[in-house]
Every structure is written in structure tokens, then in C-alpha cells.
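Have a look at the structure below before the remarks.
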Amino acid sequence: MASSDSTPPLPLGSAPLPPKKENITPVGSKIAELNESRTELLNRIQGLKQDLKNWRSKLDTQVKIYRDVSSVCLAFLSKIFQPFCLFMLRLSVSWHATT
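In the UniProt record's numbering, the protein residues as written are 1 to 99.
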């Protein structure tokens, strides 16, 4: 009687090949390698975060310095500009008076 199994039998030479020993990496060593890689990446991320924090702090300091300098310059220019405006106004009034 014929077998009721619908899968045909494998030919004699086509049995699945066992994995090659050089391609097999022990799971434990692979996990250790991945953990080491993960630790390196986390350390690198922490370093980049610290670099970014330091850069931001330096940038904030520079912005404060530039704001302070521009404020001083603006005050100085205002002190110079106000008398100049008064002078020009008087000059304009005296010119209109003579014409």
C-alpha cells in the first residue's frame, strides 16, 4: 500500500547538510561581543552629550558677552547721537530763520 504522506521522499544524496563548524559562533561569546559593543556605544553617547553640554555652556557665555558689549555700544552711541541730533535741529532752525 502507498503511504498517505504527501511529501515525496528525499533522494539519498540530498539530506540537509550539517552547519559548518567554522560558521558556528557560540551564543555566549556573541552576546558578550554585543554587550561590549553596546557599552562602547553608550559611553560614546555619554561623551557626545557632555561635549554638547560644554559647547552649549560656552555658546551661552559668548552670547551673554556679545549682548553686554552691544548694550554698552548702544548706550555710547545714544550719548553721542543725542547731542548731534540737537545740533542738527538747531542748525536747521537757524537755517530756516535766515532764509
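The C-beta atom is built at its ideal place from N, Cα and C for all residues, glycine as well.
Across the structure, Trp-95 and Phe-84 are spaced so that their CA atoms are roughly 16 Å apart. Linking Thr-39 to Leu-77 through their CA atoms gives a straight-line distance of about 57 Å. Assignment of Pro-26 by DSSP, reduced to helix, strand and coil, places it in the coil class.
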